[in-house]
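Working notes for the structure below.
Number of protein chains: 2
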Amino acid sequence: MSKENDRDVLLYAPFESFVHTTFWHKLSQIKLEVDKLKEDARSIWGCYTCTTPPAMCSVHVDFSSFNHDFQDQPLALPMLGTIINKNTLESFKEYDKVQLLEEYGQNLLSSITTTEALKNPTLLSRFILLTYADLKKYHFYYWFAFPAMNLPTIKLLSPPRKLNSVFNGDQMQQLLDAYTNIKDWKQRPFFLVQVQSGNVSIRPLCDINLLNQRPHKENENNITNSLYLGFADPSVLPANPGWPLRNLLALVLYHCKGILGKQLQLVALRLQKCGDGQSWSVFSSLVLNIELPTEENAPPKATPSWIGWQRNEKGKFGPRLAKLSSSMDPAKLAETSVQLNLKLMKWRLVPDLDLDVVREIRCLLLGAGTLGCAVARTLLAWGVQTITFVDSGTVSFSNPVRQSLYTYKDCLNGGRPKAVAAAEFMKIIFPGVNASGYQLHMPMPGHTVGEVMLPEVKKTVLKLEQLIEDHDVIFLLTDSRESRWLPTVIATSKQKLVMTAALGFDTFVVMRHGMRHQMKDVAVAPDDLQLGCYFCSDVLAPGNSQVDRTLDQQCTVTRPGVSSLAASLVVELMVSVLQHPLRGHAPAEGVSDTNKTASYDSQSALGIVPHSIRGFLSSYEQMICVSHAFQNCTACSKMVIQEYQQQGFAFLMAVFNNPHYLEDITGLTEIHQKSEDAEVWELSDTSDTD
Amino acid sequence: MSKENDRDVLLYAPFESFVHTTFWHKLSQIKLEVDKLKEDARSIWGCYTCTTPPAMCSVHVDFSSFNHDFQDQPLALPMLGTIINKNTLESFKEYDKVQLLEEYGQNLLSSITTTEALKNPTLLSRFILLTYADLKKYHFYYWFAFPAMNLPTIKLLSPPRKLNSVFNGDQMQQLLDAYTNIKDWKQRPFFLVQVQSGNVSIRPLCDINLLNQRPHKENENNITNSLYLGFADPSVLPANPGWPLRNLLALVLYHCKGILGKQLQLVALRLQKCGDGQSWSVFSSLVLNIELPTEENAPPKATPSWIGWQRNEKGKFGPRLAKLSSSMDPAKLAETSVQLNLKLMKWRLVPDLDLDVVREIRCLLLGAGTLGCAVARTLLAWGVQTITFVDSGTVSFSNPVRQSLYTYKDCLNGGRPKAVAAAEFMKIIFPGVNASGYQLHMPMPGHTVGEVMLPEVKKTVLKLEQLIEDHDVIFLLTDSRESRWLPTVIATSKQKLVMTAALGFDTFVVMRHGMRHQMKDVAVAPDDLQLGCYFCSDVLAPGNSQVDRTLDQQCTVTRPGVSSLAASLVVELMVSVLQHPLRGHAPAEGVSDTNKTASYDSQSALGIVPHSIRGFLSSYEQMICVSHAFQNCTACSKMVIQEYQQQGFAFLMAVFNNPHYLEDITGLTEIHQKSEDAEVWELSDTSDTD
Ligand SMILES: [Zn+2]
Ligand SMILES: [Zn+2]
């Protein structure tokens with residue numbers, strides 16, 4: 001086609017797509033919370049205008065595009081859209097785009113032939129949006145199509161003229177008033193402009209039959225009586241109307257058979273802001289005088305084909321890429337990404353998984369060493385939001401290679417307090433976490449508290465009681481037995497879930513403490529199936545074991561893998577517990593050491609919920625165990641909890657200062673006495689018979 | 001005692017200790033490498049001088065103090081010392097210091113009474129150094145004692161005089177020459193100064209009997225003929241000689257009974273630097289005229305007691321604390337601390353543990369995701385020095401909460417390359433590690449390589465071959481099966497140890513690939529017991545599985561604990577392998593799936609060495625498995641390795657571009673055909689009999 005001919009042929013300005021970032025945010029949210037792995041098509045709204053400014057033939061989408069109803073604004077032109085969001089880049093790329101366009105074209109055609117589009121002209125302007133949302137990187141691949149019928153060539157009988165060279169001032173004002181008075185936004189895109197006795201009015205598109213009744217040859221300059229086909233034109237080009245005209249003409253081909261091969265006058269309505277910045281004018285609208293194709297050249301005789309895939313920035317047919325990561329609030333981005341990972345577990349594999357209970361659980365970590373760091377990291381990966389560290393120590397040079405929340409820098413100048421450094425690093429990993437740290441020296445049984453230390457110890461106990469009160473799960477991750485006693489007593493008394501991990505050189509034990517029953521109306525295990533605590537299997541009260549600990553014991557020498565094994569398992573066990581309907585009261589899976597088999601369902605959505613897990617790295621073995629509460633336990637028995645609840649700090653002081661106090665009140669002293677007697681007896685017995 | 005009297009009584013300037021930081025470094029090294037957990041006393045050398053400068057009554061110790069022989073320097077005065085380095089602060093504090101001083105005092109006494117000290121006068125000047133070295137913080141608690149006999153009061157018969165008021169210039173020069181000519185440093189601290197016919201000479205301490213032969217009352221001013229007891233005096237006080245005089249006088253009490261209760265003249269030899277800055281002068285030495293106690297008041301009749309514990313900076317009897325962490329090179333500090341932790345395992349628990357082989361192993365980590373990060377951290381904790389990362393990706397927002405070598409910052413601006421960021425963070429944790437990272441896209445079977453990509457892929461293969469060549473252990477930690485194929489082939493061909501970890505949602509498998517035998521002279525398992533590789537149990541060649549992976553598979557959705565469990569175990573398994581005498585050829589513990597039981601010792605110093613470990617988090621179970629090499633394996637079979645070795649890149653290209661090539665050359669295609677035939681046969685058979 002030569003340039004000379006081009007001027008005489010109707011050419012259409014294609015749509016530009018404009019995607020507001022809020023559109024991608026909303027899409028991400030819908031993907032994460034509603035659609036999940038579903039790829040079903042979803043209806044959305046686009047919007048374009050025939051106003052200048054904005055001087056662009058553009059279709060906008062934003063967060064409101066996902067609303068059920070079109071969000072009307074004055075002069076806004078609705079566009080019906082469909083978004084198809086694919087799960088992978090491959091399926092996005094390989095989607096059959098020709099087929100897709102054909103399908104939507106057929107839809108469009110059917111709304112023309114069924115006359116639906118006459119009643120609702122918005123059906124003529126549609127778009128398809130094919131997307132792939134990489135929600136880990138916040139990269140959005142997208143490709144718009146504006147399906148339009150591939151029309152036969154349509155001749156321009158004269159060059160397009162500005163409306164003000166055809167209409168007089170009054171007529172233009174009448175047109176503007178009539179158009180702005182259209183209340184039903186469905187009628188805004190396409191209409192008829194009728195001039196009767198010099199007066200201009202607008203008629204709805206459903207009156208299109210009027211076109212068939214016009215004289216075959218109209219006087220171009222007859223402004224007294226004439227009928228124009230009108231449309232809101234987003235184009236600002238002087239010679240080219242915008243894309244919507246395509247489907248309007250398609251409709252004409254089906255419904256105005258009487259004028260095929262004949263002349264048709266069009267008003268491409270363009271509204272321009274006046275100098276006052278407030279009112280509009282129609283003077284820059286175009287009047288087009290075209291010759292319609294003959295019936296032989298036009299559908300339905302010729303099977304219509306469809307066009308409309310948008311070119312990308314390079315002018316080629318291909319998708320575009322929006323990288324939101326640079327424009328988005330990165331902290332928000334991190335949060336959505338992390339949630340996505342977790343939600344995928346639920347969507348794909350464990351529909352019953354309750355992620356909210358995990359996210360909202362408040363965890364107190366007593367000990368911010370090798371175990372504490374690894375536990376905190378695993379909690380973070382599970383999406384736990386509130387993590388509080390308690391530790392008395394500072395970071396030393398041997399720590400960072402084993403304790404994953406510290407770096408070399410933390411060791412300099414004597415070392416930073418561990419609890420504080422750990423909490424800080426959690427935020428460096430993930431700014432969205434609510435992490436804090438307290439440097440406290442845990443008071444311990446048998447560690448005498450002198451007069452001088454008394455106020456400090458009292459303060460520490462109060463702080464610890466407050467912290468345990470404010471959290472839901474208490475992790476015991478210190479490296480000595482007696483430092484676990486005080487938190488066990490407080491947490492048992494406050495009915496908190498207690499999780500313990502303890503290490504040997506190549507062994508570990510991980511356990512949940514049994515919880516005392518309070519709620520009578522809940523079906524729980526009978527009292528004699530109460531699970532034990534970390535101290536239940538001991539027949540010695542915790543004492544001052546730090547005296548004379550040799551170098552190696554202080555370092556807690558373990559095979560490096562042991563601590564991460566134990567830390568991973570203690571968190572996974574907590575999550576399993578939280579997924580059980582009875583939470584901390586869940587009966588334990590495994591062979592009971594008292595030969596009583598639990599008749600309760602010990603399965604959670606994630607599988608069994610054991611009481612304790614022991615691991616042995618020298619044989620690469622792991623086993624689950626159950627042990628029941630010991631009635632003389634120095635930490636969780638009724639005597640101890642009652643004493644603590646009644647005497648408070650005075651009771652604790654007695655325990656700290658008197659190494660035998662606990663054994664006395666729990667009856668362990670008596671038990672020891674009896675067993676010694678028994679040994680003596682057996683010994684004499686043996687020597688008698690020999 | 002009044003001030004008036006004080007002037008008439010001999011008072012001694014106590015020693016000050018001066019510990020050079022090199023002393024603590026050497027002590028740390030000896031503790032870590034030699035003594036380990038032993039607390040045995042160790043002989044060291046101290047050193048003092050009678051020269052000004054330095055103008056201090058100080059005893060120096062430095063790194064040379066640990067030498068076997070005293071490191072002589074001109075005019076240096078040796079001091080015999082003993083260091084007792086305790087393992088804990090408690091045992092340091094509770095050490096019986098009175099008893100210790102008594103013990104060393106008795107030793108000293110015995111060297112006096114046995115006349116040993118007469119032959120070797122250095123035996124009179126000794127020190128004890130009690131220490132506790134906190135090698136995690138590099139804090140050194142220490143307490144010096146300079147054991148000295150608690151002498152009866154000794155009267156000064158006249159105020160101390162400067163030597164230049166007693167000797168003339170010639171005599172002083174004679175004394176200086178005589179003293180500086182003493183070649184045997186053992187004779188430097190204590191001696192006799194004899195004036196005969198106005199000439200001054202020095203006689204060794206063993207001539208002390210001469211004192212008994214002098215007239216009872218000497219003329220103080222007789223400078224023609226007289227005998228002085230001499231000692232090198234570290235004190236610079238005008239009226240007080242230094243601490244060494246105490247034990248010299250003790251020796252007099254035992255060996256010069258003839259002059260007890262009588263007068264004795266002493267030369268406290270002090271050398272002062274002359275104005276020329278080179279030569280020395282004795283003019284500031286003191287001459288002391290004392291009255292010895294009577295035999296009744298002196299030992300051995302009165303049982304001698306011992307004094308000498310040094311006062312601390314506050315003037316109280318108590319230990320001092322040297323904090324080296326602030327003065328030491330912190331990078332060096334970090335290294336020693338980390339080594340300490342590891343060595344403690346060996347010293348205390350596994351004497352046969354070979355830490356060197358672990359430290360020197362060079363590890364290549366293919367994949368720097370959740371597994372890669374956790375594996376690297378566990379290797380670091382085991383003291384592995386060389387860790388190299390290979391990964392194609394960049395850090396995205398969902399990574400840091402699960403991938404422990406990245407922080408939020410690494411995700412910004414599109415994300416840093418993982419391999420580079422991981423290597424960098426390893427140095428932030430521990431500057432002593434040799435970590436590096438390469439961003440490479442792993443070529444994969446069935447992932448067609450077009451012409452355009454060919455040079456890039458060739459470069460990648462060459463780089464990968466070089467990297468595998470340069471490392472000892474290859475970890476396969478990527479998240480797809482086919483990305484493990486190429487490194488498996490190259491590493492098998494190069495006889496490298498390959499370790500694999502792979503994850504499911506709540507399951508994992510960890511395995512060491514079997515190694516082909518090369519060394520015929522080593523007792524290894526026969527060929528049919530060859531252990532399998534990751535691909536041995538597959539009957540399908542790895543293909544392009546990334547096509548159509550859905551969102552969740554790309555994220556490798558797993559329970560967060562799974563990856564750290566697998567990462568810990570794969571590193572522990574590698575360490576177990578390295579501890580076995582046959583290394584990668586170690587037979588596997590466990591039930592063989594071919595019913596052949598290994599007759600070889602499958603135990604290492606750390607326990608058993610399994611072939612693979614599988615874990616199931618839903619049941620908290622773990623099991624060890626053995627599987628043998630599959631002769632049609634697509635990765636480790638002879639056909640594949642031979643093809644690779646003979647055809648090189650051309651073979652690889654055939655595999656990348658032809659999805660069936662591997663199955664064809666390994667004979668898998670034929671196997672599939674046969675099994676399909678069999679199925680058809682069985683089917684027809686069944687339908688016949690039904
Ligand atoms: Zn208990
Ligand atoms: Zn294989």
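One line per chain: the protein sequences are H and D, in this order.
Numbering-wise (the UniProt record's numbering), the first sequence opens with residue 1 and increments by one.
Numbering-wise (the UniProt record's numbering), the second sequence opens with residue 1 and increments by one.
Glycine included, C-beta positions come from ideal geometry on N, C-alpha and C.
Quick check on residue i: does DSSP put it in helix, strand or coil?
{"i": "F397 of chain H", "result": "coil"}
{"i": "residue 700 of chain D", "result": "Lying outside 1 to 690, the shown extent of chain D, residue 700 of chain D is not represented and no answer is given."}
{"i": "T550 of chain D", "result": "For T550 of chain D, the pLDDT reaches just 40, beneath the cut-off of 50, and the residue's location in the model is therefore unreliable, although a value from the coordinates is still provided. Three-state DSSP puts T550 of chain D in coil, outside helix and strand."}
{"i": "I290 of chain D", "result": "strand"}
{"i": "M623 of chain D", "result": "strand"}
{"i": "A41 of chain H", "result": "coil"}
{"i": "S17 of chain D", "result": "strand"}
{"i": "H585 of chain H", "result": "helix"}
{"i": "A254 of chain D", "result": "Looking at the sequence shown, residue 254 of chain D is not Ala but Tyr. Looking at Y254 of chain D - three-state DSSP - the assignment turns out to be helix."}
Are there any heavy atoms of ligand 4 lying less than 6 angstroms away from the beta-carbon of residue i, as far as the coordinates show?
{"i": "A491 of chain D", "result": "Absence of ligand 4 is noted for the structure shown, with ligand 1 and ligand 2 being the only ligands found."}
Taking the Cβ atom as the reference point for each residue, do residue i and residue j lie within a distance shorter than 7 angstroms?
{"i": "Q622 of chain H", "j": "S604 of chain H", "result": "no"}
{"i": "A239 of chain D", "j": "P160 of chain D", "result": "yes"}
{"i": "M511 of chain D", "j": "S612 of chain D", "result": "yes"}
{"i": "V166 of chain H", "j": "V287 of chain H", "result": "yes"}
{"i": "V193 of chain D", "j": "V267 of chain D", "result": "yes"}
{"i": "N225 of chain H", "j": "Q196 of chain H", "result": "yes"}
{"i": "L364 of chain H", "j": "I474 of chain H", "result": "yes"}
{"i": "K323 of chain D", "j": "H139 of chain D", "result": "yes"}
Quick one: is the Cβ of residue i within less than 6 angstroms of any heavy atom of ligand 2?
{"i": "A41 of chain D", "result": "no"}
{"i": "C363 of chain H", "result": "no"}
Using a Cβ-Cβ cutoff of less than 7 angstroms, which residues in the same chain neighbour residue i once the five nearest sequence positions on both sides are dropped?
{"i": "T407 of chain H", "result": "P400"}
{"i": "I490 of chain D", "result": "L464, E465 and I468"}
{"i": "T448 of chain D", "result": "F656 and N657"}
Taking 6 angstroms as the limit between beta carbons, can you name the residues of its chain near residue i, skipping five residues before and five after?
{"i": "V19 of chain D", "result": "V61"}
{"i": "S592 of chain H", "result": "Annotation note: pLDDT 44 at S592 of chain H (below 50); position unreliable, no value reported."}
{"i": "E335 of chain H", "result": "G432"}
{"i": "K459 of chain D", "result": "none"}
Is residue i near ligand 1, going by C-beta to nearest heavy atom under 6 angstroms?
{"i": "W533 of chain H", "result": "First, the residue type needs correcting, since residue 533 of chain H is Cys and not Trp in the sequence shown. Flag set: Cβ of C533 of chain H near ligand 1."}
{"i": "C633 of chain H", "result": "yes"}
{"i": "C636 of chain H", "result": "yes"}
{"i": "C536 of chain H", "result": "yes"}
Label residue i either buried or exposed according to how many other C-beta atoms from any shown protein chain fall within 10 Å of its C-beta, with 16 as the threshold for buried.
{"i": "R311 of chain H", "result": "exposed"}
{"i": "L333 of chain H", "result": "buried"}
{"i": "C274 of chain D", "result": "exposed"}
{"i": "T378 of chain D", "result": "buried"}
{"i": "P293 of chain H", "result": "buried"}
{"i": "E643 of chain D", "result": "buried"}
Apart from the five residues on each side of it in sequence, which residues of its chain come closer than 8 angstroms, Cβ to Cβ, to residue i?
{"i": "K254 of chain D", "result": "What sits at residue 254 of chain D in the sequence shown is Tyr, not Lys. Excluding sequence neighbours, Y254 of chain D sits near I112, T113, P299 and P300."}
{"i": "G437 of chain D", "result": "A368, T388, F389, V390, D391, P417, K418, A419, V420, A421, A422, A423 and E424"}
Contact residues within the segment 369-383 of chain D, judged by C-beta distance below 9 angstroms to chain A: Among the protein chains in the structure shown, which are H and D, there is no chain A.
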